[in-house]
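Since the structure comes first, as structure tokens, the remarks are kept for the end.
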Amino acid sequence: MRRGFGWRLAAAGAVALMALGLAFAPYVYAEAFPWLAKLHLRTTPPSQISVDAAPGPALGTAIGGRWRVQQIGPQTYALGEPANDPDNYEYLLLGQTRALLIDAGSSPDHDIRPVLATLTKLPVTTIPTHLHFDHTAGLKFADRIALIDLPQTRARAHNDEVRLGRYQFMGTLGGSHPAPSFKVSEWVKPDGVIDLGGRQVRVLWTPGHTATSISVSDPAAKLLFTGDLIYPTSLYGFMPDSSLSAYAATTDRLLALIPADTTIYGAHCCRNDLPAQAPWLGMSDLRDAGAAVKAVEAGTARGRGFIVRRFPVNPRMTLITLYPFGNR
Ligand SMILES: [Zn+2]
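Start counting the sequence shown at 163; every next residue gets the next number (this note's numbering).
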């Protein structure tokens with residue numbers, strides 16, 4: 163009798179632990195990832211699309227052995243780190259009186275300022291599209307930093323000094339650098355305008371990939387910079403504060419707000435159908451991403467994998483996510 167009770171207790175405990183693990187799967191994954199990577203265990207199902215860009219160096223001018231600078235429009239530059247892991251792209255928008263750098267660079271060991279100096283003498287304000295390590299590690303080199311003004315970001319600030327939390331910075335997924343702290347010089351309200359002098363851009367709150375993610379809209383240039391909300395290759399919808407329902411609402415909102423002939427620039431390289439270059443997409447790709455997220459939520463999408471699952475979006479993108487209850 164006693165022995166049977168013990169087994170039942172152990173089984174109930176194991177089930178409870180498994181349920182807890184599933185409910186907190188994004189956090190469990192974030193913590194387990196470095197260990198699984200050390201063991202060379204594949205954690206995500208392979209992509210259904212070829213994610214390798216056509217061979218050859220990325221478009222643009224090589225600077226400092228790391229960066230590729232590509233002009234993508236008047237007074238607008240992509241600053242890529244395409245040969246690196248992570249393969250981030252940052253964007254520099256020049257006005258008449260100031261410049262805006264969208265994302266800071268993915269490494270605390272590579273100063274982006276010499277690259278900026280080749281492009282402008284204007285004062286540069288850096289705005290991270292979200293707080294993950296590969297978008298904020300370079301903030302230590304920024305003179306002026308703008309940040310979206312949300313309760314979650316204000317809660318991390320003391321006298322404008324922001325200290326990132328473990329699951330905002332997500333250093334466990336890449337590099338072992340500690341989460342940085344940085345001084346915010348400009349809090350931007352959701353949908354607030356940044357005036358660069360003769361060029362006004364709007365900071366849109368676009369949660370989904372993370373709760374505090376932004377996109378930057380330059381309506382006159384018909385450009386939308388989306389950070390990790392959408393870019394070619396694999397979209398990440400499995401972070402601790404990723405939300406599939408927010409992802410779907412954000413894509414709906416952007417599709418209603420942004421003209422259909424706008425070009426999207428995301429934060430990660432590269433398209434599988436073009437030579438390596440600043441990762442651009444169209445608004446129809448955003449519509450496809452939104453439809454894929456909704457199908458995953460509805461349980462009608464067919465993906466691969468167990469716990470970490472990969473779903474097709476279109477020929478250029480897949481979506482990686484956990485079960486919707488982990489990323490509600
Ligand atoms: Zn991210």
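Every residue gets a Cβ at the ideal spot worked out from N, C-alpha and C, and that includes glycine.
### Message
Tell me which residues share the same chain as ASN476 and place their Cβ nearer than 6 Å to its Cβ, disregarding the 5 neighbours each side in the sequence.
### Response
ASP450
### Task
Please report the Cβ distance between PRO207 and ARG471, rounded to the nearest whole angstrom; I am assuming they are in contact, meaning their Cβ atoms lie under 8 Å.
Contact holds; Cβ gap of about 7 Å.
### Query
Taking three-plus beta-carbon pairs below 8 Å as touching, is the region 301–309 in contact with the region 337–352?
yes
### Task
Decide if ALA177 is buried, meaning its Cβ has at least 16 other Cβ atoms within 10 Å, or exposed.
Reading the sequence as shown, one finds Val at residue 177 and not Ala. Under the 10 Å beta carbon count, VAL177 is surrounded by fewer than 16 other beta carbons and is classified as exposed.
### Query
Is ASP423 near THR372, with beta carbons less than 8 Å apart?
no
#### Entry: Start-end ranges of the alpha helix (DSSP H) lying completely within the region 293–321, minimum 4 residues
295–298 and 313–316
### Message
Helix, strand or coil for ALA261? Go by DSSP, reduced to three states.
### Response
DSSP places ALA261 within a strand segment (E or B) once states are collapsed to three.
### Pocket of ligand 1 (residues with CB nearer than 5 Å to any heavy atom), chain order
HIS294 and ASP390
### Query
From this set, ALA440, THR480, VAL455 and ALA463, which residue's C-alpha is nearest ASN250's C-alpha?
Considering only ALA440, THR480, VAL455 and ALA463, the residue with the shortest C-alpha distance to ASN250 is ALA440.
### Task
Please report how far the alpha carbon of THR395 lies from the alpha carbon of ALA429, in whole angstroms.
Straight-line spacing of the CA atoms in THR395 and ALA429 works out to 11 Å.
### Message
Check this for me: beta carbons of THR368 and THR298, under 8 Å apart or not?
### Response
The answer is no: Cβ separation not under 8 Å.
### Buried versus exposed call for VAL497 [16 or more other C-beta atoms within 10 Å across all chains shown]
Past the edges of the chain, shown from 163 to 490, lies residue 497, and the structure says nothing about it.
### Query
Where SER209 and MET479 are concerned, what is the direct C-alpha to C-alpha distance, given to the nearest angstrom?
Each residue's alpha carbon lies about 9 Å from the other.
### Query
Below 8 Å, can you find three or more Cβ-Cβ pairs linking the region 274–289 to the region 221–229?
yes
### Message
Residues in the same chain with beta-carbon distance under 6 Å from THR388, minus the five sequence neighbours each way, listed in chain order, please.
### Response
SER377, ILE426 and GLY428
#### Entry: Residues sharing a beta bridge with ARG364, DSSP
VAL355 and SER379
### Message
So, for GLU459: in the same chain, excluding its five sequence neighbours on each side, which residues have a beta-carbon less than 8 Å away from its beta-carbon?
### Response
The beta carbon of GLU459 is closer than 8 Å to those of LEU406, SER407, ALA410 and PRO486 in its chain, skipping five residues each way along the sequence.
### Query
ALA440 by DSSP, collapsed to three states: which one?
coil
### Query
Does the separation of the CB atoms of THR259 and SER375 fall below 8 Å?
No.
### Query
When burial is assigned at 16 or more other CB atoms within 10 Å of the CB, is ALA287 buried or exposed?
One detail in the question is off: residue 287 reads as Thr in this sequence, not Ala. By the 10 Å Cβ count, THR287 comes out buried.
#### Entry: CB of LEU448 within 8 Å of CB of ILE469, strictly
no
### Message
I need the straight-line Cα distance from MET445 to PHE303, nearest angstrom please.
### Response
A direct Cα-to-Cα measurement between MET445 and PHE303 gives close to 33 Å.
### Query
So, helix, strand or coil for ALA220, using DSSP?
coil
### ASN434 versus ILE211, PRO196, LEU198 and TYR189, residue with shortest Cα-Cα distance
ILE211
### Query
Taking DSSP as the reference, what is the three-state secondary structure of ALA373?
coil
### Message
Between which two residues does the alpha helix (DSSP H) holding VAL455 run?
### Response
445–460
### Query
How many Å lie between THR315 and ARG364 at the Cα?
18 Å
#### Entry: Option nearest PRO219 by Cα separation, candidates CYS431, LEU293, PHE295 and GLY452
CYS431
### Message
Per the DSSP calculation, SER343 is bridged to which residue(s)?
### Response
ARG325
### Query
Under the rule that 16 or more other beta-carbon atoms within 10 Å means buried, what is TRP197, buried or exposed?
exposed
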